[in-house]
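One point on numbering: in this note's numbering, the residue at position 101 of the sequence shown is 1436, and numbering is uninterrupted. Note that beta-carbon positions come from the ideal geometry of N, C-alpha and C, so glycine has one too. Read through the structure below, which is laid out as structure tokens, and then see the notes.
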Amino acid sequence: MGVGVAVHFRVLGRHCTPVLPLIGFVLGAGLVNLWSSRKAALKSVAVLFAMASLASCVGIRFGSQHAKDDYRAAARYALAASERGHLVWWNADREGAAIYGLATATNAESGVVWIANPHSGFDKDLPQPDVVLTSKPDVYDGTGALTEYLKREGYTRGASFVAFTVWDRPKEGSGAGRRD
């Protein structure tokens, strides 16, 4: 972790995976040592560690902050909007959309346009969408161009799914900018 801070690199759990067997061995040996001790206080430390580990596992399994991204619901929403004749912009993983039957393209002909890390002015060659589905702006809108576009054009938050936000085009006459 210290190296990550020093070189400005974000250290994630997956980067530590190769040392997981070593960590498991050290923790296991420590627990065996504590449990085989004659002192009740040391045995209670082992029990407390086991209980805390179990609570952590349950929290990760059932905690809403650890829920999987809901690509299924988001793709269904986008597909339904497209089938109603709405132009949809998809700002998320393209393969995630494809898995759930949502075909995306880089132009508006398909009805669902894939927008990933757009640059400033990206919207000049695209018609204004009726619906925009965004996910993880730090990953799929790193420059903030899409976020700026949504604010500038007056889009409002609609439905939401785990890791997704649906943005709806402002109604006619709402005072928001429109440039068709």
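Going by Cα to Cα distance, which pick from the options is closest to residue i?
| i | options | result |
| --- | --- | --- |
| residue 1487 | 1377, 1463, 1419 and 1451 | 1463 |
| residue 1454 | 1431, 1478 and 1503 | 1478 |
| residue 1471 | 1403, 1503 and 1352 | 1403 |
| residue 1388 | 1359, 1371, 1347 and 1372 | 1359 |
Taking a contact to mean a Cβ-Cβ separation below 8 Å, would you say residue i touches residue j in this structure?
| i | j | result |
| --- | --- | --- |
| residue 1447 | residue 1474 | no |
| residue 1469 | residue 1481 | yes |
| residue 1409 | residue 1465 | no |
| residue 1505 | residue 1490 | yes |
| residue 1393 | residue 1426 | no |
| residue 1414 | residue 1437 | yes |
| residue 1405 | residue 1342 | no |
By the DSSP assignment, the beta strand (DSSP E) with residue i in it spans what residues?
| i | result |
| --- | --- |
| residue 1452 | Taken as a continuous stretch (DSSP letters only), residue 1452 belongs to no beta strand (DSSP E), as it is neither H nor E. |
| residue 1494 | 1491-1496 |
| residue 1467 | 1466-1469 |
For residue i and residue j, I'd like the C-alpha separation in whole angstroms.
| i | j | result |
| --- | --- | --- |
| residue 1349 | residue 1356 | 13 Å |
| residue 1369 | residue 1381 | 6 Å |
| residue 1429 | residue 1367 | 47 Å |
| residue 1514 | residue 1337 | Here residue 1514 scores only 48 on pLDDT, less than 50, and its place in the model should not be relied on; the value that follows carries that caveat. In a straight line, the C-alpha of residue 1514 is about 49 Å away from that of residue 1337. |
| residue 1445 | residue 1439 | 7 Å |
| residue 1476 | residue 1449 | 12 Å |
| residue 1495 | residue 1503 | 11 Å |
From which residue to which residue does the alpha helix (DSSP H) around residue i run?
| i | result |
| --- | --- |
| residue 1380 | 1375-1397 |
| residue 1344 | Run containing residue 1344: none; DSSP gives neither H nor E here. |
Counting pairs of Cβ atoms below 8 Å between the segment 1396-1414 and the segment 1431-1450, do you hit three or more? Yes: at least three Cβ pairs fall under 8 Å.
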